[in-house]
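Before any comments, here is the structure.
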Amino acid sequence: MDDWDILKTHEAAINKILSSGYQTLIGKHALILKQGMQYISHVNGLKILDAGSNHGVLSLVASRYCTEVVGVEHGQEGHNLGLKLLEYFQKAGVSEYNTERVRLINCRIGDIDEKFEGVMAYNVLYHLSPKELDRMTEIISQCSKVIVQSRKRSKSGVSDLHKPDLIIKYLSRMGFRCEVEEPNSPRPIILGSKT
Ligand SMILES: C[S@@+](CC[C@H](N)C(=O)[O-])C[C@H]1O[C@@H](n2cnc3c(N)ncnc32)[C@H](O)[C@@H]1O
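Residue numbers (the working numbering): 1 to 195.
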């Protein structure tokens, strides 16, 4: 079963846990999540950072593919929801997801002091301050694989690092070869690899 179908099987429980304004499995956000999660196998077999993990849905899905998943979220609410979501999936015993591989940390990316083999940066790079982005760049440059979900439309109050072409330049400078998936969608996915 694909990840979206697995999550849909638990839709009522997930939406109850995440009910405080997070339209996780319905609406526009659901389409973005559904699109993005199809590419997580790109970081298969790696220890990964899920940068800006929010409610932890993508960290949970990554536990199917990755040896270790560290979800970092500075917002207290999103972090707490992620803990509840993991607890639910642990108790439900969903065999595809290895919740014991996931660590959710409530801090800033700039405060992370460990190494990773891959990074999932979904809808987050453009939210980072220059100092946070410097740390993110250090982490990404040590990795062999990276996934970025970009955003074509501009958004006020954030940096330009949502634009697919700028993200490709950013990753290429670190030595990544980039492939763009779903270039015509509002949220193209950029898969970076070093070989
Ligand atoms: C647009 S949301 C994307 C959430 C998730 N990655 C997704 O695509 O569904 C960006 C998330 O990054 C978090 N965030 C922003 N800056 C951060 C930082 N410096 N350190 C940790 N989390 C951060 C926000 O709180 C928010 O939950």
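Ideal Cβ placement from N, Cα and C applies to all residues, glycine included.
Bear in mind the structure is a predicted one, so any value in this text is a computation, not a measurement.
Original post:
Opposite methionine 120 in the DSSP bridges: which residues?
Top reply: Your numbering for residue 120 matches position 120 in the sequence shown. According to DSSP, methionine 120 bridges with Asp50, Ile147.
**OP:** For my contact list, methionine 1 and alanine 62 are in at a C-beta cut-off of 8 Å; report their separation, rounded to the angstrom.
**Re:** Against the sequence shown, residue 1 aligns to sequence position 1. Against the sequence shown, residue 62 aligns to sequence position 62. Not quite, the Cβ-Cβ distance comes to about 16 Å (not below 8 Å), so this is no contact.
**OP:** Run the CB neighbour count on glutamine 149, radius 10 Å, all protein chains shown included, and call it buried at 16 or more, exposed below.
**Re:** Here residue 149 refers to the residue found at position 149 when the sequence shown is read from its first residue. Classification of glutamine 149: buried, given that the 10 Å Cβ count is 16 or more.
**OP:** Taking only the alpha-carbon atoms, compute the straight-line gap between glycine 82 and aspartate 165 and give it to the nearest angstrom.
**Re:** Against the sequence shown, residue 82 aligns to sequence position 82. Against the sequence shown, residue 165 aligns to sequence position 165. Cα to Cα, the separation comes out at about 31 Å.
Original post:
Do you know how far the Cα of leucine 60 is from the Cα of glutamate 11?
Top reply: Counted from its first residue, the sequence shown places residue 11 at position 11. Counted from its first residue, the sequence shown places residue 60 at position 60. The alpha-carbon atoms of glutamate 11 and leucine 60 are separated by roughly 14 Å.
Original post:
From arginine 151 to glutamate 87, what does the alpha carbon distance come to, in whole angstroms?
Top reply: Along the sequence shown, one-based indexing puts residue 151 at 151. Along the sequence shown, one-based indexing puts residue 87 at 87. Their backbone Cα atoms lie some 31 Å apart in a straight line.
Original post:
In whole angstroms, what is the alpha-carbon distance linking asparagine 106 and glutamate 182?
Top reply: Position 106 of the sequence shown, counted from the first residue, corresponds to residue 106. Position 182 of the sequence shown, counted from the first residue, corresponds to residue 182. Spanning the two alpha carbons is a distance of roughly 32 Å.
Original post:
Would you say glutamine 149 touches ligand 1, meaning its beta carbon is less than 7 Å from a heavy atom?
Top reply: Translated into positions along the sequence shown, residue 149 becomes position 149. Yes.
Original post:
In chain order, which continuous runs of the alpha helix (DSSP H) of length 4 or greater are located wholly inside the region 44 to 100?
Top reply: 57 to 62, 76 to 92
Subject >> Strand pairing of cysteine 178, partner residues [DSSP] >> reply: As a working mapping, residue 178 is identified with position 178 in the sequence shown. Looking at the DSSP assignment, cysteine 178 forms a beta bridge with Gly192.
**OP:** Please check if any C-beta of chain D sits within less than 8 Å of the C-beta of histidine 74.
**Re:** Of the protein chains in this structure there is only one, and it is not chain D.
Original post:
Are the CB atoms of serine 144 and glycine 118 nearer to each other than 8 Å?
Top reply: Locating residue 144 in the sequence shown gives position 144, where the first residue counts as 1. Locating residue 118 in the sequence shown gives position 118, where the first residue counts as 1. In this structure, glycine 118 lies closer than 8 Å to serine 144 by Cβ.
Original post:
Just curious, the beta strand (DSSP E) that arginine 103 is in, first and last residue?
Top reply: Here residue 103 refers to the residue found at position 103 when the sequence shown is read from its first residue. Taken as a continuous stretch (DSSP letters only), the beta strand (DSSP E) holding arginine 103 covers 102 to 105.
**OP:** Report back the beta-carbon spacing between valine 72 and isoleucine 17 to the nearest angstrom; my notes put them in contact at under 8 Å.
**Re:** Here residue 72 corresponds to residue number 72 of the sequence shown, with the count starting at 1. Here residue 17 corresponds to residue number 17 of the sequence shown, with the count starting at 1. Not a contact, Cβ separation roughly 20 Å.
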